[in-house]
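A.B. asks: Got a structure for you, questions after.
Protein chains: 2
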Amino acid sequence: MTFINKLQQAWDQNDSLLCVGLDPNWEKIPEHLKEGPDPIFEFCKQIIDATHDLVCAYKPQIAYFSGLEAEAQLQKVCDYIRKACPHIPIILDSKRGDIGSTAAMYAKEAYERFNAHAVTVNPYMGQDSAQPFLDYADKGVVLLCRTSNAGAGDIQDLLVDGMPIYEKVAEMIANKWNANGNCCIVVGATWPEQMKRLRNITGDMPFLVPGVGAQGGDVKALVEAGQTRNGKGLMINSSRAVLYADNGNGFAQAARDVAMQTRDLINQYRHT
Amino acid sequence: MTFINKLQQAWDQNDSLLCVGLDPNWEKIPEHLKEGPDPIFEFCKQIIDATHDLVCAYKPQIAYFSGLEAEAQLQKVCDYIRKACPHIPIILDSKRGDIGSTAAMYAKEAYERFNAHAVTVNPYMGQDSAQPFLDYADKGVVLLCRTSNAGAGDIQDLLVDGMPIYEKVAEMIANKWNANGNCCIVVGATWPEQMKRLRNITGDMPFLVPGVGAQGGDVKALVEAGQTRNGKGLMINSSRAVLYADNGNGFAQAARDVAMQTRDLINQYRHT
Chain A
575 MTFINKLQQA WDQNDSLLCV GLDPNWEKIP EHLKEGPDPI FEFCKQIIDA
625 THDLVCAYKP QIAYFSGLEA EAQLQKVCDY IRKACPHIPI ILDSKRGDIG
675 STAAMYAKEA YERFNAHAVT VNPYMGQDSA QPFLDYADKG VVLLCRTSNA
725 GAGDIQDLLV DGMPIYEKVA EMIANKWNAN GNCCIVVGAT WPEQMKRLRN
775 ITGDMPFLVP GVGAQGGDVK ALVEAGQTRN GKGLMINSSR AVLYADNGNG
825 FAQAARDVAM QTRDLINQYR HT
Chain B
575 MTFINKLQQA WDQNDSLLCV GLDPNWEKIP EHLKEGPDPI FEFCKQIIDA
625 THDLVCAYKP QIAYFSGLEA EAQLQKVCDY IRKACPHIPI ILDSKRGDIG
675 STAAMYAKEA YERFNAHAVT VNPYMGQDSA QPFLDYADKG VVLLCRTSNA
725 GAGDIQDLLV DGMPIYEKVA EMIANKWNAN GNCCIVVGAT WPEQMKRLRN
775 ITGDMPFLVP GVGAQGGDVK ALVEAGQTRN GKGLMINSSR AVLYADNGNG
825 FAQAARDVAM QTRDLINQYR HT
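Protein chains in written order, with our numbering: chain A, 575 to 846; chain B, 575 to 846.
See below:
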């Protein structure tokens, strides 16, 4: 099954557009987990156990593993998701991008080493740098378009023929890079007005939407702006607000509560 | 000592603007090395032993390690460079870029885990995404500007107020991001005319120049266009042409021969 089909199935099965980002920040992991073996994996495992009926995707952020020399624990997290909730796709958030021969190694890292269903990719180097990812036709390629951070506009908002660069990027992706139908784009939750225009440019292409929760994005505005006509098309990511809802023994239940509230809040604004 | 000072020292001590890229492609590593332990490290070690008096920097490409689950061997490569040739700076080529909290983990990966002197960073997400790297004032931040690949122009050449995006990026870096004086930019060897304009925009900022050798860049044109007034300012990278000059027992000597020829060819066109 392709990533896109898997995502559509998860949207329906869990009635959810919520993606939970697995950003295991060592300072915020409950202390009682840190004494056992593989505490980063154990933390993620308990989050997954508590939320897998509420999400449409998991998005492990590789930096939180590689900064701590914990690639083996990331491997365990990906293996665990595939075993415990095989209906949920894994998006490896690594924002890679390089010339073809090197990009091929990054594609191998994401799709073969970690066995992810999709990976985030930075488009700045152009189509040939994304092609080794795009060539895995069954896998998803989630390209940065308009990101959620405060400085996103430094480059992305520069105007080309009166059109911001991120719209030019979205046009290129929709019209050229998406020959295998496996592209998605990243559109920050903090920019609903931009999201509406990007929806018009890209048809039903799925959007990965960071910036809800800790980053302050407005759920109502973004769902109304970004959803497709059938009330789908979004993977609305929340990381910190879910993962660190509580820092003690009750962290997994607290994560479940926040995930459920967020899913339900999102669902209030979806077309039915 | 800062990265920039270390680079200046290496330019002088080895009379060289040549950077050797360590891209250990498993298919191209000599067969006789593959039977021992840590063959990727061993390959890189022999390249380093054969070339460390001829280069101004080494640039290990992390994708070739992470695609093969070989981060531990990358660690050994970086440790070995620091021990065997402490005067040569290490540029980790990982082209990272993400929101601040995640970028901080990538900076930790590059500067603390692998103990690199500099790291390559993708600027598409804006200044705040680069800031965690820039804040390591003694370390170098090598930002993508105009890359060497065929598709580089898809986004980088779009015109903003009559000026290509890569020039806008260079202006931003030179005028805003370089407050700690630790920025460099990537400018492909395949584009000498662009390089000349970028030299004017950025003053004496060092350029990392990929694309010589296997990618076909013209050494004379790029040195004449990119050097600073004192005949420096460039880290001209060659990876495949040096590493795979021979695929048998003589690979290290062959790498040395190509490295020396390339250094000497570059030096022919430098201002003295």
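Heads up, the beta-carbon is just placed ideally off N, CA and C, and yes, glycines get one too.
(1) What residues in its chain sit with their C-beta under 7 Å from that of A/Ala690, if we drop five residues either side in the sequence?
(2) A/Tyr632 bridges to which residues according to DSSP?
(3) Have a look at A/Ala833 and A/Asn811 and give me their C-alpha separation to the nearest angstrom.
(4) Do you know whose CA, among B/Gly755, B/Glu686 and B/Thr694, lies nearest B/Val761's CA?
(5) Is A/Gly714 helix, strand or coil when you go by DSSP?
(6) DSSP on B/Pro611, reduced to helix/strand/coil?
(7) So, is A/Asn696 buried or exposed, given that buried needs 16 or more other C-beta atoms within 10 angstroms?
(8) According to DSSP, is B/Asn752 part of a helix, a strand, or is it coil?
(9) Within the 8 Å Cβ cut-off, does A/Tyr680 reach chain B?
(10) Taking the alpha-carbon positions, what's the B/Met769 to B/Cys758 distance?
(11) Considering B/Ala763, what are the terminal residues of the alpha helix (DSSP H) in which it resides?
(12) Taking a cut of 7 Å between CB atoms, which residues from the region 646 to 671 of chain A lie near chain B?
(13) Determine whether the beta carbon atoms of A/Leu796 and A/Val816 lie at a separation below 8 Å.
(14) Excluding the 5 residues flanking B/Trp585 on each side, which residues of the same chain have their C-beta closer than 6 Å to its C-beta?
(15) Whose Cβ in chain A lies nearer than 8 Å to the Cβ of B/Glu683?
(16) List the whole-angstrom C-beta distance separating A/Lys602 from A/Tyr818, where the pair is believed to meet the contact cut-off of C-beta under 8 Å.
(17) In angstroms, rounded to a whole number, what distance separates the CA positions of A/Met809 and B/His626?
(18) DSSP three-state call for B/Ala677: helix, strand or coil?
(19) CB-CB under 8 Å to A/Pro613, same chain, minus the five flanking residues each way: which ones, in chain order?
(20) Determine the chain B residues that contact A/Gly531 at a beta-carbon separation under 9 Å, and present them in chain order.
(21) Could you check the C-alpha separation between A/Ile673 and B/Ser722 for me, to the nearest Å?
(22) Which residues of chain B have a Cβ atom closer than 9 Å to the Cβ of A/Gly727, listed in chain order?
(23) Taking Cβ to Cβ, would you say A/Lys669 is nearer than 8 Å to A/Ala692?
(24) Given that a residue counts as buried once 16 or more other Cβ atoms are within 10 Å of its Cβ, and exposed if not, what is A/Ala829?
(25) In terms of residue numbering, what span does the alpha helix (DSSP H) encompassing A/Phe825 cover?
(26) Would you mind reading off the limits of the beta strand (DSSP E) that contains A/Ala692?
(27) Tell me B/Pro738's beta-bridge partners as DSSP assigns them.
(28) Counting along the chain, where does the alpha helix (DSSP H) carrying B/Leu796 start and finish?
(29) Does A/Asn811 come out as helix, strand or coil in the three-state DSSP assignment?
(30) I'd like to confirm the pairing. Which residues does DSSP put opposite B/Arg720 in its beta bridges?
(31) Residues bridged to B/Arg670 by DSSP?
(32) Determine the contact status of A/Phe688 and A/Gln649, defining contact as a CB-CB distance below 8 Å.
(33) Is there a Cβ of chain A sitting closer than 8 Å to that of B/Thr533, yes or no?
(34) Find the residues of chain A that neighbour B/Leu772, judging by a C-beta separation of less than 7 Å, and give them in chain order.
(35) Are the CB atoms of A/Met699 and B/Ala677 nearer to each other than 8 Å?
(36) So B/Leu581 is in the alpha helix (DSSP H); what residue range does that whole segment cover?
C.D. replies: So, from the data block:
(1) Cys652, Ile664, Ile665, Leu666 and Ala684
(2) Under the DSSP definition of a beta bridge, A/Tyr632 partners with A/Val594 and A/Ile664.
(3) 10 Å
(4) Comparing C-alpha distances from B/Val761 to each of B/Gly755, B/Glu686 and B/Thr694 shows the shortest one belongs to B/Thr694.
(5) Strand at A/Gly714.
(6) coil
(7) buried
(8) Coil, per DSSP.
(9) yes
(10) 13 Å
(11) For B/Ala763, there is no enclosing alpha helix (DSSP H), as DSSP marks it with neither H nor E.
(12) Lys669 and Gly671
(13) With a cutoff of 8 Å on beta-carbon distance, A/Leu796 and A/Val816 are scored as not near each other.
(14) Residues of the same chain with a CB within less than 6 Å of the CB of B/Trp585, apart from the 5 flanking positions on each side, are Cys630 and Lys806 in chain order.
(15) Ala637, Ser640 and Gly641
(16) Right, the Cβ-Cβ distance comes to about 5 Å (below 8 Å), so this counts as a contact.
(17) Going from the Cα of A/Met809 to the Cα of B/His626 covers about 49 Å.
(18) B/Ala677 sits in a helix when the DSSP states are folded into three classes.
(19) Ile603 and Leu607
(20) Only positions 575 to 846 of chain A appear in this structure, which leaves residue 531 of chain A out of reach.
(21) Roughly 8 Å between the two C-alpha positions.
(22) Gly700
(23) Cβ distance not < 8 Å, so A/Lys669 and A/Ala692 don't count as in contact.
(24) buried
(25) Its alpha helix (DSSP H) spans residues Phe825 to Gln842.
(26) In this chain, the beta strand (DSSP E) harbouring A/Ala692 covers Ala692 to Val695.
(27) B/Leu733
(28) Val793 to Gly800
(29) strand
(30) B/Val761
(31) B/Val695
(32) yes
(33) Nothing about residue 533 of chain B can be read from this structure; chain B reaches only from 575 to 846.
(34) Neighbours of B/Leu772 on chain A: none; closest Cβ ~16 Å, over 7 Å.
(35) Contact flag unset, no.
(36) Phe577 to Gln587
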